[in-house]
Amino acid sequence: MTENQDKNLASMISSIMDDVTALIRGHIELAKLEIQESVKNVVKSSVMFLVAIGFMSLATVFALISISYGIAAAGWPVWAGFLIVAAALLVMAIVLMFLGRNRIQKAKTNRTVSSIVATAETLRTLRDENK
Numbered sequence: 185m186t187e188n189q190d191k192n193l194a195s196m197i198s199s200i201m202d203d204v205t206a207l208i209r210g211h212i213e214l215a216k217l218e219i220q221e222s223v224k225n226v227v228k229s230s231v232m233f234l235v236a237i238g239f240m241s242l243a244t245v246f247a248l249i250s251i252s253y254g255i256a257a258a259g260w261p262v263w264a265g266f267l268i269v270a271a272a273l274l275v276m277a278i279v280l281m282f283l284g285r286n287r288i289q290k291a292k293t294n295r296t297v298s299s300i301v302a303t304a305e306t307l308r309t310l311r312d313e314n315k
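Quick look at the structure:
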C-alpha cells in the first residue's frame with residue numbers, strides 16, 4: 185500500500201470510530217430521556233393512586249357511618265349501630281392480621297436461600313473429595 189492509501193484507510197477507520205462513538209452516545213442520551221419520561225409517568229401515576237386511595241378511604245368511612253345509622257334507623261340505639269360496625273371492623277382486622285402473618289411465615293421458607301445452602305454443601309463435598 186502506498187502512503188496515501190494508508191492515510192485514507194486511517195482516515196476512514198477514524199471516521200468510522202467517530203461515527204460509532206456518536207451513535208453510542210446518541211443511544212445513551214435517548215435511554216436517559218426515556219428513563220426520565222418513565223420516571224415522570226410513574227410519579228404522576230403514583231400521585232393519582234394515592235389520591236384515589238384517599239378518596240376510597242373517605243368513602244369507606246362514610247359507608248361505615250351510613251351502616252351505623254342504618255342500624256339505628258332499624259330500631260337499635262345509635263351507639264349500638266356504631267358498636268356493631270366497630271366490632272365487625274375489629275373482627276376483619278384480626279382475620280386479615282392472621283392471614284398476613286401466615287403468609288409471612290410461608291415466605292420465610294425462601295427457595296433461593298435453600299438453593300444457595302445446597303450449592304455450598306455440594307461444593308464442600310466436591311472440595312473434600314478432591315483433597
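In my numbering, the protein residues as written are 185 to 315. Here a beta-carbon is modelled for each residue, glycine too, at the ideal position from N, C-alpha and C. Bear in mind that the values here come from a model prediction, so they are computed numbers and not experimental data.
Exercise. Would you identify the three-state DSSP class for W263, choosing helix, strand or coil?
Key: Start at 1 with the first residue of the sequence shown, and residue 263 comes out as number 79. It is helical.
Quiz prompt | Distance between S298 and Q289 (C-alpha atoms, nearest Å) | solution = For the purposes of this step, residue 289 is identified with residue 105 of the sequence shown, where counting begins at 1. For the purposes of this step, residue 298 is identified with residue 114 of the sequence shown, where counting begins at 1. One Cα belongs to Q289, the other to S298, and the distance between them is close to 15 Å.
Self-check item: Three-state class that DSSP yields for T186 in the structure shown
Solution: Position 2 of the sequence shown, counting from 1, holds the residue named residue 186. Coil, per DSSP.
Self-check item: Option nearest I251 by Cα separation, candidates L242, A236, M240, I268
Solution: The residue given as residue 251 occupies position 67 in the sequence shown. Considering only alpha carbons, the answer is I268.
Quiz item: Is DSSP giving A258 helix, strand or coil here?
Solution: The residue you call residue 258 lines up with position 74 of the sequence shown. In this structure, A258 counts as coil in the three-state DSSP scheme.
Exercise. Please state if the CB of A270 and the CB of V262 are separated by a distance shorter than 7 Å.
Key: On the sequence shown, position 78 is the one that residue 262 refers to. On the sequence shown, position 86 is the one that residue 270 refers to. Cβ distance not < 7 Å, so V262 and A270 don't count as in contact.
Quiz item: Roughly how many angstroms lie between the CA atoms of R308 and K228, to the nearest whole one?
Solution: Here residue 308 is taken as the residue at index 124 of the sequence shown, counted from 1. Here residue 228 is taken as the residue at index 44 of the sequence shown, counted from 1. Answer to the nearest angstrom: the Cα atoms are 51 Å apart.
Practice problem: Could you check how far apart the C-beta atoms of G265 and Y253 are, in whole angstroms? I think they sit under 8 Å. | Solution: Residue 265 sits at position 81 when you count from the first residue of the sequence shown. Residue 253 sits at position 69 when you count from the first residue of the sequence shown. The Cβ separation is near 6 Å, so the contact holds.
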